[in-house]
Amino acid sequence: VQLQASGGGLVQPGGSLRLSCAASGSISSIYVWGWYRQAPGKQREFVATITSRGTTTYADSVRGRFAVSRDNAKNLINLQMNPLKSDDTAVYYCYVRAWDNNIYWGQGTQVTVSS
Numbered sequence: 443v444q445l446q447a448s449g450g451g452l453v454q455p456g457g458s459l460r461l462s463c464a465a466s467g468s469i470s471s472i473y474v475w476g477w478y479r480q481a482p483g484k485q486r487e488f489v490a491t492i493t494s495r496g497t498t499t500y501a502d503s504v505r506g507r508f509a510v511s512r513d514n515a516k517n518l519i520n521l522q523m524n525p526l527k528s529d530d531t532a533v534y535y536c537y538v539r540a541w542d543n544n545i546y547w548g549q550g551t552q553v554t555v556s557s
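One gets our numbering by counting positions in the sequence shown from 1 and adding 442 to each.
Shown next, in the form of structure tokens:
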């Protein structure tokens, strides 16, 4: 499975961004899609996941502000982020977990929230 993340950028506090993660390869082997993020000097942390059945899970820090969704026709997931805070500044990584428990990571996309 290969993953390509996109959609990062610079936004002011209170603004919004939408990240996308497109998958190619053995799409049928995927049962969980998700996002992690890593801020400077911090460990990578969980953001959100969505399963093949559409069940979503969110970190407490983003619940109510972020929404993860799937586009099955395009083999991708989206992460809608609104409203953004300065603490959301990080490199965002998409990942998938296959039924054989292998995990695949995308290359990361930078999100900077600053005035």
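Just so it is clear, CB atoms sit at the ideal spot from N, CA and C, and this is done for glycine as well.
- When beta bridges are read from the DSSP output, residue 443 appears opposite no residue.
- Taking 8 Å as the cut-off, the Cβ atoms of residue 454 and residue 533 do not count as close.
- Around the beta carbon of residue 545, fewer than 16 other beta carbons sit within 10 angstroms, so the residue counts as exposed.
- Apart from sequence neighbours up to five positions away, the residues of its chain that approach residue 494 with a beta-carbon distance below 6 Å are 473, ordered along the chain.
- Excluding residues up to 5 positions away in sequence, 443 and 517 lie with their Cβ nearer than 8 Å to the Cβ of residue 469 in the same chain.
- Residue environment: residue 497 is assigned as exposed (fewer than 16 neighbouring CB atoms within 10 Å of its CB, all protein chains considered).
- CA-to-CA, the gap between residue 465 and residue 557 works out to about 33 Å.
- Contact between residue 554 and residue 452 holds, since their C-beta atoms are separated by about 5 Å, short of 8 Å.
- Taken through DSSP and simplified to helix, strand or coil, residue 511 comes out as strand.
- Selection 500, 501 and 538 evaluated against residue 463 yields 538 as nearest (Cα-Cα).
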